[in-house]
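Residue numbers (my numbering): 12 to 158. All C-beta atoms in this analysis are idealised placements derived from N, C-alpha and C, irrespective of residue type, glycine included.
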């Protein structure tokens, strides 16, 4: 599994750019738990890793692209500046790495190749526009208020 991180806005230390611990993906998967309002890696293990691994601040320009392994320890500080920090993140997973228990991430579903004309023939605009794809109130992996 890997992720692609694409800033929509410039990310700086001032607005809480992405931070990583180099080579931390070699530690394997680290158990996650709640830290405040979101899931985070076991902080005791993270603190141990910080003593051995380089801690990098990844300041990026809008449109830059970063590819990284899913087990790379990463995070960001809160954005306390007056500058927006929006990013687009896409996560990829092998089909053999299907989730072992139900949660908000869907199980593997094979993709069906469609003809180009299918885009013009689709009439699901209203149906899709009013669909709530994630029920955050039922998500066991994060705490969230209703949107």
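Ranked by Cα distance from residue 108, the options 99, 119, 98 are led by 119. For residue 22, DSSP records a beta bridge to 71.
In the three-state scheme derived from DSSP, where H, G and I count as helix and E and B as strand, residue 56 is classed as helix.
Excluding five sequence positions before and after residue 27, the CB atoms of its chain that fall closer than 7 Å to its own CB belong to 87, 88, 89, 90, 96, given in chain order. For residue 77, the uninterrupted beta strand (DSSP E) segment begins and ends at 77-80. For residue 129, no beta strand (DSSP E) encloses it; the enclosing alpha helix (DSSP H) starts and ends at 129-132.
Among the bridge pairs identified by DSSP, residue 84 is matched with none. Residue range 43-46 is occupied by the beta strand (DSSP E) that includes residue 45. Straight through space, the alpha carbons of residue 41 and residue 52 are spaced by roughly 6 Å. In the displayed model, residue 92 falls within coil according to three-state DSSP, outside both helix and strand.
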